[in-house]
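The opening residue of the sequence shown carries number 0 in numbering that gives the first Met the number 0; numbering runs sequentially from there. Where a beta carbon is used, it is the ideal one built from N, C-alpha and C, also for glycine. On a predicted model such as this, the values are computed, not experimentally measured, just so you know. Here's the structure we're looking at; comments come further down.
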Amino acid sequence: MSLSRRDFLKLGSLTAVAAGTAGCSAIGRELAQGKLPADLTLPAPDTAVAAPDPILRLLNRAGYGPRPGDLERARQMGLAAWLEEQLDPDSIEDTAADLLLRNLTLYQMDVTQLIEQDRKDATVELIGSTIFRTLYSRRQLYEALVEFWSDHFNIYLRKNQVMPLAKIIDDRDVIRPHALGKFRDLLWASAKSQAMLIYLDNARNTKEHPNENYARELLELHTLGVNAGYTQADVQEAARILTGWTVRRRGRQAGQVVFREDAHDFGQKTVLGQTFAGQGEAELDELLEMLATHPATAQRIAFKLARRFVADEPPEELVQRVTEEFTATDGDVKAMLRVIFLSEAF
């Protein structure tokens with residue numbers, strides 16, 4: 000029987016592993032039975048532990064690990080200077096990534112063009128562009144924040160046929176422009192995202208047939224958190240505020256987010272004790288303003304950022320400092336990241 004080169008290499012690797020394992024097992028048996036020579040000298044354990052490299056730790060945690068040359072350059076710049084450069088991604092020349100991504104034709108289309116495209120092509124571009132950027136982009140912290148917010152404002156691509164196409168718009172026009180900006184701006188953009196309105200069924204939320212899906216996720220996942228003290232009644236009232244916000248399905252405005260007055264509940268609502276008069280579009284702005292400035296939102300976002308970049312259970316003192324920075328800066332993501340990366344906990 001002839002072996003291909005691939006099979007030959009695979010067989011060789013397995014043989015080597017088996018031999019090594021057998022050798023270790025034999026030594027273990029000898030040790031257990033006390034049969035090794037009495038004068039055998041084993042090397043002393045290495046008790047010296049190298050001090051952690053703060054620059055390497057920063058590159059590993061703030062991005063996807065150093066690429067060739069990154070570590071040396073960051074050491075020359077210093078931790079603070081590298082961080083400030085990463086917090087200003089537009090200042091970073093990124094030719095290699097730009098060249099790889101220039102053939103992403105769907106990312107260059109407007110909404111009306113996109114909705115006519117194939118969802119499989121959209122899925123390929125979404126996944127491919129994400130991998131390329133994490134591997135080749137010099138804007139590592141920016142890409143890490145794009146991933147963070149994409150998880151926070153989660154959208155499932157297999158919801159229906161249009162989701163991959165809508166998610167391209169969400170990635171390009173919602174997440175990326177606001178990843179290092181103010182949380183309130185990202186929250187506003189997400190609330191009027193085609194992908195979000197379709198994914199969480201608000202596109203079908205009308206006064207005759209209210210749908211609570213987006214309202215519930217808005218309070219539970221996007222802002223306050225599940226233990227913030229809101230009730231089912233608050234969810235229902237928030238859903239009433241969100242009635243009428245939908246995505247145009249046909250005509251010249253197909254794919255555009257619109258507010259349909261005829262589908263909106265203009266009655267008075269109360270969420271978390273705050274009364275909202277029936278003002279139509281303005282009600283959404285009032286609701287988002289309340290949620291973006293709520294103390295529970297500040298604490299939740301601070302905790303999630305600290306967990307992402309420091310530890311699964313970040314120090315309470317650090318979370319408190321980041322929470323205070325959120326409040327003081329109106330949810331400035333860059334300001335919160337400075338607190339995290341320059342802290343002793345990091």
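According to the neighbour-count rule (16 or more other Cβ atoms, all chains shown, within 10 Å of its Cβ), is SER189 buried or exposed?
Here residue 189 refers to the residue found at position 190 when the sequence shown is read from its first residue. With 16 or more other Cβ atoms within 10 Å, it is buried.
PHE258 by DSSP, collapsed to three states: which one?
Against the sequence shown, residue 258 aligns to sequence position 259. Note: PHE258 maps to strand in three-state DSSP.
Leaving aside the five residues before and after LYS303 along the sequence, list all residues of the same chain whose C-beta is less than 6 angstroms from its C-beta, in chain order.
Counting from 1 along the sequence shown, the entry for residue 303 is found at position 304. Within the same chain, LYS303 has no close Cβ partners at all.
Is it true that the CB of ARG259 sits closer than 7 angstroms to the CB of GLY243?
As a working note, residue 243 is residue 244 in the sequence shown. As a working note, residue 259 is residue 260 in the sequence shown. In this structure, ARG259 lies closer than 7 angstroms to GLY243 by Cβ.
Would you mind reading off the limits of the beta strand (DSSP E) that contains LYS268?
Taking the first residue of the sequence shown as 1, we reach residue 268 at position 269. Element bounds for LYS268: 268-270.
Rounded to the nearest angstrom, what separates GLY127 and THR269 at their Cα positions?
Translated into the one-based positions of the sequence shown, residue 127 becomes position 128. Translated into the one-based positions of the sequence shown, residue 269 becomes position 270. Computed Cα separation, rounded: 44 angstroms.
Using DSSP with H/G/I as helix, E/B as strand and the rest coil, what is ASP233?
Locating residue 233 in the sequence shown gives position 234, where the first residue counts as 1. Helix at ASP233.
Keeping to the same chain, check which residues put their C-beta closer than 6 angstroms to that of THR326; ignore five residues upstream and five downstream.
As a first step, residue 326 must be located in the sequence shown, where it is residue number 327. Hits under 6 angstroms: ALA297.
Here's a check: name, in chain order, each residue in its chain whose Cβ is nearer than 6 angstroms to the Cβ of ASN204, leaving out the five neighbours to either side.
Sequence index remark: in the sequence shown, residue 204 carries index 205 (1-based). Answer for ASN204: ASN210, LEU241 and THR242, listed in chain order.
Between which two residues does the beta strand (DSSP E) holding PHE275 run?
Your numbering for residue 275 matches position 276 in the sequence shown. Looking at the DSSP string, the run of the beta strand (DSSP E) that includes PHE275 is 273-275.
Considering only C-alpha positions, which residue in the set SER149, LEU156 and PRO163 is nearest to VAL173?
Along the sequence shown, read from residue 1 onward, the residue named residue 173 stands at position 174. If we check each option's Cα against that of VAL173, SER149 comes out closest.
In the DSSP assignment, find the unbroken beta strand (DSSP E) run with VAL246 in it and report its ends.
To locate residue 246, count along the sequence shown from 1; it is residue 247. Residues 244-246.
Using only alpha-carbon positions, find the residue among ASP261, LEU223 and LEU164 that is nearest to TYR106.
Within the sequence shown, numbered from 1, the residue matching residue 106 stands at position 107. Out of ASP261, LEU223 and LEU164, LEU164 has the C-alpha closest to the C-alpha of TYR106.
For the pair the segment 154-168 and the segment 112-132, tell me if three or more CB-CB distances fall below 8 angstroms.
Output reads yes: the segment 112-132 touches the segment 154-168.
Can you check whether the CB of ILE154 is closer than 7 angstroms to the CB of ALA194?
If you number the sequence shown from 1, residue 194 lands on position 195. If you number the sequence shown from 1, residue 154 lands on position 155. Yes.
Alpha carbon to alpha carbon, what distance is there between GLU207 and ALA334?
What you label residue 334 is simply residue 335 of the sequence shown in a count that begins at 1. What you label residue 207 is simply residue 208 of the sequence shown in a count that begins at 1. The straight-line gap from Cα to Cα measures roughly 44 angstroms.
For a quick check, are the C-beta atoms of VAL338 and VAL318 less than 7 angstroms apart?
By one-based count along the sequence shown, residue 338 stands at place 339. By one-based count along the sequence shown, residue 318 stands at place 319. It is not a contact, given that the beta carbons lie outside the stated cut-off.
Using the C-alpha atoms, what's the distance from ARG183 back to PHE275?
To locate residue 275, count along the sequence shown from 1; it is residue 276. To locate residue 183, count along the sequence shown from 1; it is residue 184. Distance between the alpha carbons of PHE275 and ARG183 is about 19 angstroms.
LEU220 to HIS151, Cα distance in whole Å?
As a working mapping, residue 220 is identified with position 221 in the sequence shown. As a working mapping, residue 151 is identified with position 152 in the sequence shown. Approximately 7 angstroms between the Cα atoms of the pair.
How many whole angstroms separate the CB atoms of ALA61 and GLN139, which I take to be in contact at a CB cut-off of 8 angstroms?
Counting from 1 along the sequence shown, the entry for residue 61 is found at position 62. Counting from 1 along the sequence shown, the entry for residue 139 is found at position 140. 6 angstroms between Cβ atoms; contact.
Scan the segment 130-180 and note each continuous alpha helix (DSSP H) run of 4 residues or more that stays entirely inside, going in chain order.
Qualifying alpha helix (DSSP H) stretches, in chain order: 139-151 and 162-169.
Can you look up ASP93 in the DSSP assignment and give me helix, strand or coil?
Within the sequence shown, numbered from 1, the residue matching residue 93 stands at position 94. Looking at ASP93 - three-state DSSP - the assignment turns out to be coil, as it is neither helix nor strand.
With distances taken Cα to Cα, identify the nearest neighbour of THR230 among LEU271, VAL309 and ALA295.
Position 231 of the sequence shown holds residue 230. Among LEU271, VAL309 and ALA295, the Cα nearest to that of THR230 is on LEU271.
For a test of your reading of the model: does the CB of PHE340 fall under 6 angstroms from any non-hydrogen atom of the ligand MN? Yes or no.
What this structure holds is no ligand at all, so the ligand MN is not there to describe.
Could you tell me the alpha carbon to alpha carbon distance between ALA237 and HIS263, rounded to whole angstroms?
Along the sequence shown, read from residue 1 onward, the residue named residue 237 stands at position 238. Along the sequence shown, read from residue 1 onward, the residue named residue 263 stands at position 264. Computed Cα separation, rounded: 12 angstroms.
Distance check for ARG137 and ILE91, CA to CA, integer angstroms please.
Within the sequence shown, residue 91 is the residue found at index 92, counting from 1. Within the sequence shown, residue 137 is the residue found at index 138, counting from 1. Cα-Cα distance, rounded: 7 angstroms.
Check for me: the alpha helix (DSSP H) holding ASN212 runs from which residue to which?
Stepping through the sequence shown from its first residue, residue 212 is reached at position 213. Looking at the DSSP string, the run of the alpha helix (DSSP H) that includes ASN212 is 212-216.
If you follow the alpha helix (DSSP H) that VAL318 is in, where does it begin and where does it stop?
Residue 318 sits at position 319 when you count from the first residue of the sequence shown. Segment 315-327, the alpha helix (DSSP H) holding VAL318.
Would you mind working out which of GLU288, LEU341, LEU336 and PHE345 sits nearest PRO313, comparing C-alpha positions?
By one-based count along the sequence shown, residue 313 stands at place 314. For PRO313, the nearest C-alpha among the options comes from PHE345.
Restricting to Cα atoms, I'd like to know which of ARG251, ARG239 and PRO294 is closest to GLU282.
Locating residue 282 in the sequence shown gives position 283, where the first residue counts as 1. Residue ARG239 is the option with its Cα nearest to GLU282.
Can you find the residues in the same chain that come closer than 6 angstroms, C-beta to C-beta, to LEU199, ignoring five residues on each side of it along the sequence?
Here residue 199 is taken as the residue at index 200 of the sequence shown, counted from 1. Counting only Cβ-Cβ distances below 6 angstroms, and skipping sequence neighbours, we find ASN212, TYR213 and GLU216.
Does ASP87 come out as helix, strand or coil in the three-state DSSP assignment?
In the sequence shown, the residue the question calls residue 87 occupies position 88. In the structure shown, ASP87 sits in coil (DSSP, three-state: anything other than H, G, I, E or B).
By how many angstroms is the C-alpha of GLY68 removed from the C-alpha of ILE54?
In the sequence shown, counting from the first residue as 1, residue 54 sits at position 55. In the sequence shown, counting from the first residue as 1, residue 68 sits at position 69. Straight-line Cα distance between these residues: approximately 13 angstroms.
Please classify ASP117: does DSSP put it in a helix, a strand, or coil?
For this step, residue 117 is matched to residue 118 along the sequence shown. DSSP places ASP117 in coil when its eight states are reduced to three.
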